[in-house]
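Residue numbers (my numbering): 377 to 556.
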């Protein structure tokens, strides 16, 4: 087990388009994936992209805790060379944070339903449909592979806050939704 250093906003690796992983079954990819999962769990986080640990490769690791997704749980998963396809035009606004932007959270629009595919460490295809928090995590991590941070997707910077103050934004959004 090795905990990897997480690149923070401002480091150029976070703004590059990552390279495809040529051999998903290579021992060095398996080792990187294991270290990424350990780093994600230690942070603690729900996702981590290879560029966030200074590796410009198209690989993400993620998990979906049941308590964050209305009961749906996904164990730590490695997805290599992922591709996302929105299933419709429906969008949802939700609060996001990022291990590369510590202490801040913001409201980000994301597709509500997606299909994603890629390969696992065994080289076998992975294809799933996701919605809600699961879909949000995948989209957030895959953005890192294209040099995009969640703040780039924000439509209103008034909804960017320090983590310990973000509850004010969440409360305001809930009140607004109640009036709509």
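Just so you know, even glycine gets a beta-carbon here, dropped at the ideal spot from N, CA and C.
The three-state reading of DSSP puts residue 478 in strand, counting E and B together. The DSSP-derived three-state label of residue 506 is strand.
According to DSSP, residue pairing for residue 395 in a beta bridge involves 433.
Check the Cα spacing between residue 440 and each of 535, 543, 511, 542: the tightest is with 511. If you keep only unbroken beta strand (DSSP E) runs of at least 3 residues inside the segment 530 to 555, you get 536 to 538. Residue 492 and residue 464 have their C-alpha atoms spaced approximately 13 Å apart.
Burial state of residue 552 is exposed, judged by a 10 Å Cβ sphere holding fewer than 16 other Cβ atoms. Of all C-beta pairs linking the segment 420 to 435 to the segment 520 to 527, three or more are shorter than 8 Å, placing the two stretches in contact. Counting C-beta pairs with one atom in each stretch, the segment 484 to 500 and the segment 393 to 411 have three or more that are closer than 8 Å, which means they touch.
Residue 380 has its alpha-carbon roughly 16 Å from the corresponding atom of residue 478.
Assignment of beta-bridge partners to residue 469 by DSSP yields 485. When beta bridges are read from the DSSP output, residue 461 appears opposite 491. Beta-carbon to beta-carbon, residue 383 and residue 429 are separated by about 7 Å, close enough to satisfy the 8 Å threshold.
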